[in-house]
Every structure is written in C-alpha cells, then in structure tokens.
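Inspection log for the structure reproduced underneath, given as structure tokens.
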Amino acid sequence: MTPTAAVAATDTHCPYCSLQCGMRLAPGVDGSVEVLERPDFPVNRGALCGKGRSAPALLARDVRLTGPLLRDRPGGPLRSAGWPEALDRVAAGLARTRAEHGPDAVGVFGGGGLTNEKAYLLGKFARVVLGTANIDYNGRFCMSSAAAAHRRAFGLDRGLPFPLADIPHTGCLILVGGNPAETMPPAVRYLRELRENGGRLIVVDPRRTRTAELADLHLQPRPGGDLALALGLLHLVIAEGLVDREFIARRTSGYEAAREAAMAHWPDRVERITGVPAHRLREAVGMFGGAATGMVLTARGPEQQSKGTDTVGAWIDLCLATGKAGRPYSGYGCLTGQGNGQGGREHGQKADQLPGYRSIEDPAAREHVAAVWGVPAESIPGPGMSAYELLDGLGRPGGVRALLLAGSNPAVSAPNAGHVTERLRALDLLVVADLVLSETARLADVVLPVTQWAEEDGTTTNLEGRVILRRRALDPPEGVRSELWVMRELASRLGVSTGFPVEAEQAFEELRRASAGGDADYAGIGYDRIAAEDGVFWPCPTPDHPGTPRLFLDRFATPDGRARFAAVTHRPAGEEPDEAYPLYLTTGRVLAQYQSGAQTRRVAELNAAAPGPYVELHPRLAERLGIADGEPVAVTSRRGRAVAPARVTGAIRPDTVFMPFHWAGAGRANSLTNPALDPVSRMPEFKLCAVRVERAHQEVAP
Ligand code: SF4
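Be aware that the sequence shown starts at 1, since it is given in the numbering used here, and climbs by one per residue.
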C-alpha cells in the first residue's frame, strides 16, 4: 500500500498501545512509508511488535476516510459532502439540540488514543463552546479503577510511579490480570531481565497466557477472585510476621482496619472463593513477603470489575503492609492500555475533571482553569455522566440527544454493545470523527475524516508518565483535517472565535499553563525539551525542573504525606454463574489486534495473523458440552449472544470461557458483557459475566 504523500525521515512513536514505542518513519520503495527501529529510545530500545511495524498500512487512501460523509434522512445512506456543508450541519444540529433541550443534551465522547492536545481542547470545547457537563471518554473503560484506587491510597494517580527500567531490579513482581507478552511484547524484556537478575515473577490470571508461561508461579483464580486473593495473601503476610512495622508506622495510615479485614480471609476460605490452593498462596507469600523489594502491577483483569477500585486497593494494601511502596524498586503500578491512556485522563476529557488532573468540583481549580480559558469560573459546568451512563442515556429523556464522538468505537468496545448500538441509533444527531469508517461511524449522521499519528504533531503520555512527542512525517490526504481544526471551525460557527489553536504546539503551550500547579503539572515541559530528552516525566513544574521519574520516595501525595490503607473485604461480582448461565466469560486482547479492531482489522498482515473471534474453552468443558475444536459455539448471557469457533485448550479454567473483544458482528464479545458499574470509578464489569455455552450447529461467525 502506498501513502498519500511523500514522507520525511522522522522520529516518532507507535500509534497504538501505552508503551508508545519509539520508531523512525522513513521513505520506502515506491513512495511507501517504512518503519525503522530507534534503538536509542529507552522504553523499547528498538523492539516493536507487529502492530507497530505494520502501522503505515493505515496511511493508505484505500483503507481510510478521505472526505466527510452525511446522511440526509434517518436510515438513508451516507453520501460524500464538502467540509463546509458537513460542519454547517454539525453546528446547526448542536445548536438546535442545545436550544431545545438545554446544553447537557449535547454530549462529547472522547478516547484514550487522542493526543494530549486533542484531549485538552475537547474538554475545553465541551465546557466553553457547548456548555455541557456531559463529556467522558473510553478511558473510563480502561484504567479508571486503578486511577481511583491510586488516588485513594497515594493522593495521586500516575500509572507507574517508576520507570519500566526499574522492574528488572525488584526482588519479586506480582503481575495481576495483565498479559504484556501479547498486548505489549517489547515490555516483556523487563520481565526476562528481572528473572535473569534473580528476581521472582508471579502472574495472576484465570488463563495460562504467554505471560504466565514466563512466571515462577502462576496463580489461576476464578474471574472476580482477585480481591479475595489479595486479601488472602495479606492475611498470610500478617500471620507469618512479614509485615514491615516500621514502614507502616512511619509512612501509612489505616493499617489496623486493613489488618482486621484481612483476618477474615484465611487461606482455606480464600481457596474456596478463588479456587487457588492454599499452599500456592503460601508459596506466593514466601516469594513476595520474603523479598527485600517488590512490586505489584495490575492491568484490566482486576480493574474491569464492579469491585475494581477495591480490588486494586487490596493489592496496594499488600504492598503497604510489606513496606513495598515509596522506596526504590518497590511499589504498586498499573499497566495502562491505550496509547494515551495516561495523558488522556489528565487534561479534561473526563466527566469530573479539569486539566492538570484537577477536580472539576474544586473551586480553586475552576478559578485557575477559567483564567486560562478567559471565562468566568461559574460558567464551567460541574461533573457530568460517566461513559456508560452517558451511552445508556442516549436519546432518552434527561439524556444526551446530540453526540460528538472522537477516537472511539463504542458499538464494538462498550459493554452490552447491542444495547449501546440501539442507544446510538436513538440520537437526534451523531457526529463521529475518525480515520476509518468504524462500526460506530456507520451509524453516524455526519462522519468527519481526521488525521492520524504520522500526519500530525502531538504529545502523548506513556504508561510511565513520560510525556513524549509524535512528529508529523507526511501530509494527510487532501480531504482530511485534524480534530484541532474541526474544533476551531465548529467553535467559530457556534460563536466562539478564539481559543482553539490549530497548531498542536500552540495547544500544548496553553495546556502547560492550564496544568500548572495541578497534580499532572506539565508547565516545565516543552516540545524541544521532550525531543532532546526522550520524554519528560510529570510532574515537571518549571523548565529547569528535571521531571519526576520516581514518585513518592519522600512522601506520598496525600495531605499528611502518608499512604492510606483501603481496608476492603471480598464481595461477589455483579453477576455470578447460576443454573441458567453456569459459566464465567472473561474477555481480553490478542497479539495481532488492538482494542475494537477498527484500525488493525484493516491491516492485511494483522488480519491474516488473527482473522476472527473465537471461544476458548477447557477440554473437559468441551467434552461435557460435546463441542469439538473449531466447531461454531454459541455463547449467551442475559444481554446477548455471540457465535464463534471453539478453541479447545488446557490453558483456561474448566469453569471459564474466554473471548477476545476485537470484532463486530456475530462474534462481538461485548454483546455479552455486563455493564454493572464500580461505585467509585464507574468502570463497567467487562472482565466477567455469567454465560451459557452450547454448540451452534450450522451458525458461523463472520
Ligand atoms: S508494543 Fe504497543 S507501542 Fe510498541 S509497537 Fe506494539 S502496539 Fe506499538
């Protein structure tokens, strides 16, 4: 495939996951774009996975949108349109909805893949131009439970409080519900180096994944068992005298309540809840509790639950009780998922938040941001609905009736996706900005084609809190515009003629000012500095500040400087198996696809490697149900049904089936998932629900 314009040799970063691997784009043969390694970039040291290597395939005109599309009547076809007509239609529709139903009837839905500049201006656009409280983003579906637990314990949320390069130097790492061997393969090097240095690796996962294969110890709990498992380990740490009393006294608060909670989770009880034998719990405690340093990293497994915040809190309590936090080579961290999953949650596209990771309910924060925006503080709306609540309310009384959506594909990626698709169809106006005609864009009244990573400047913040710079390497196709340009044009049509720069660096300069003094303080970070230093870690309040690769070494970010124990107890998931739906379903990602697949399903070599959905089930379960490997299988939950070929494997528990969630159509895993929300983070319970599995006879997934 050939791109649309000549490429200049450019150092940049991968468009996909939160590792944000460094890469160089260079002219290839026949005008194509070639991906070269950047061995000097410290995060991935030249290594890339297949997704990163094949990313230029999406620059080709034949896989992407190259001009706006409009629908003239509900149910009618999308047709080509010019930008003025498309923008006029959007502006008129937004204005009409606002006039007829009030500003909160207009909504904005963003994405964790958007650059910091886009996320920042999207938040400003919602509050200043539209005047709506209702802006949220798909990152709510990703790391919000870890973020909530982080803030509760440490007073600050940054995915990793230390660089990845610290991992090989820790004594014992517990990785809970993450599979970097498939989701971010270059990061596996850190796990291998850890083991080469004599450190121990414990992986907690209901499936024996490629990452679990690398571990010294694999704990395989039932889905939803992570909270009880963490409490069982804490119980044993206390019982075996492995607590760090000096650390607890000097740097924490709330230990007694956590100790009492853990005492109710003795090994036999935890074995009954989780299915993990008590002797394995003791083995894990021996490794972790006995190590001088240790880390716990969580990913979506424990986080995407209706008790995700408490589950992460329990793992943090384990770190705190053993003195493994706020010290070199020790601590709790979260492996962020999306490319800008970290920065995307810091600068205002979240319903409860203003730039710099400020609370939208904090009067001082509102004053600060209002001054940067040049508006009265009282004009900034308060908190709005969280992502699933916003989607669930689309087109209903009191809900959003006109939605502007950027960088997200909820028709595939939202929980209970069949219902969410119905709600999207019920809107008076759906506007989608995307680079491809995603399943959600197909439902839109107006589709706006936007630029992508290699065609624009912009910053992202990787899972370490390292702010990095993507550079424009080539021109986009003629009919394609950046979201920054779209926002300026819409703002102007809606009566706001200033404050929406089109140049990313100008937007970043404003973001610096807006973030100054906040938790995620970018004030000292400029484009030139990022390029010169291979990224800068926030907080970085002044240009002469070195940045902060390691947080919490002297004090935690709570008012008294102490980390707070969560003191939580086990509770069941939102939905447990029963007679009608006797099995757990858990969902996740595969190596060659990314998130909703809107991009990677359009890349031939990735599609060849991972062509469609499947249902993983244990041989004993397959035998009991009379299902042969490769045979179509129907999976049914209380919300929907999905059909995909069986993949029979001993790597999964007999009481659990697994489906990857990258596909639409009959094999859409999110037709099944449960939108039960965590009460604190408002994270839906993607990671488990109750299902029934049976042979699907002649049905096949597309
Ligand atoms: S690991 Fe992530 S950032 Fe690195 S090349 Fe693969 S998808 Fe891109």
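Even for Gly, the Cβ is constructed at its ideal location relative to N, Cα and C.
Residue i burial status per 10 Å Cβ neighbour count (16 or more: buried)
i	result
residue 80	exposed
residue 506	exposed
residue 263	exposed
residue 580	exposed
residue 482	buried
residue 62	exposed
residue 197	exposed
residue 99	exposed
residue 685	buried
residue 29	exposed
residue 150	buried
residue 392	buried
residue 56	buried
residue 559	exposed
residue 578	exposed
DSSP three-state assignment for residue i, whether helix, strand or coil
i	result
residue 197	coil
residue 300	helix
residue 319	helix
residue 460	strand
residue 309	helix
residue 671	helix
residue 405	strand
residue 360	coil
residue 616	strand
residue 501	coil
residue 141	helix
residue 659	strand
residue 136	strand
residue 202	strand
Identified DSSP bridge partners for residue i
i	result
residue 295	173 and 331
residue 449	434
residue 13	22
residue 689	585
residue 563	252
residue 117	BP columns for residue 117 are empty, so no partner.
Alpha carbon of residue i to alpha carbon of residue j, nearest angstrom
i	j	result
residue 568	residue 314	7 Å
residue 443	residue 16	24 Å
residue 463	residue 389	27 Å
residue 363	residue 381	12 Å
residue 217	residue 230	15 Å
residue 641	residue 421	15 Å
residue 635	residue 694	7 Å
residue 699	residue 148	No answer about residue 699 holds up, because its pLDDT of 47 lies below 50 and its placement is not dependable.
residue 582	residue 655	8 Å
residue 127	residue 586	37 Å
residue 265	residue 227	10 Å
residue 320	residue 32	52 Å
residue 2	residue 25	For residue 2, the pLDDT reaches just 45, beneath the cut-off of 50, and the residue's location in the model is therefore unreliable, although a value from the coordinates is still provided. Roughly 14 Å separates the two Cα atoms.
residue 439	residue 410	8 Å
residue 627	residue 614	13 Å
residue 116	residue 194	32 Å
residue 199	residue 291	9 Å
residue 621	residue 219	20 Å
residue 468	residue 530	6 Å
residue 653	residue 205	10 Å
residue 9	residue 60	18 Å
Own chain residues within Cβ distance below 8 Å of residue i, not counting five before or after
i	result
residue 48	14, 21, 23, 35, 37 and 186
residue 590	182, 610, 660 and 662
residue 486	87, 433, 448 and 450
residue 267	232, 235, 236, 278, 281 and 282
residue 682	140, 144, 386, 387, 388 and 389
residue 728	Any answer about residue 728 is impossible in this case: the structure gives the chain only from 1 up to 702.
Residue i: CB within 6 Å of a non-hydrogen atom of ligand 3
i	result
residue 16	As presented, the structure is devoid of ligand 3, carrying ligand 1 as its sole ligands.
Residues near residue i by beta carbon distance below 7 Å, same chain, minus five either side
i	result
residue 494	91, 94, 95 and 129
residue 562	251, 252, 253 and 556
residue 113	338, 339, 340 and 407
residue 146	298, 303, 312 and 334
residue 323	244 and 247
residue 436	63, 64, 65, 598, 599 and 602
Residues near residue i by beta carbon distance below 6 Å, same chain, minus five either side
i	result
residue 703	Residue 703 falls outside the range modelled here, since the chain spans only 1 to 702, and no answer is possible.
residue 446	70, 86, 89, 90 and 431
residue 550	162
residue 523	512, 516 and 541
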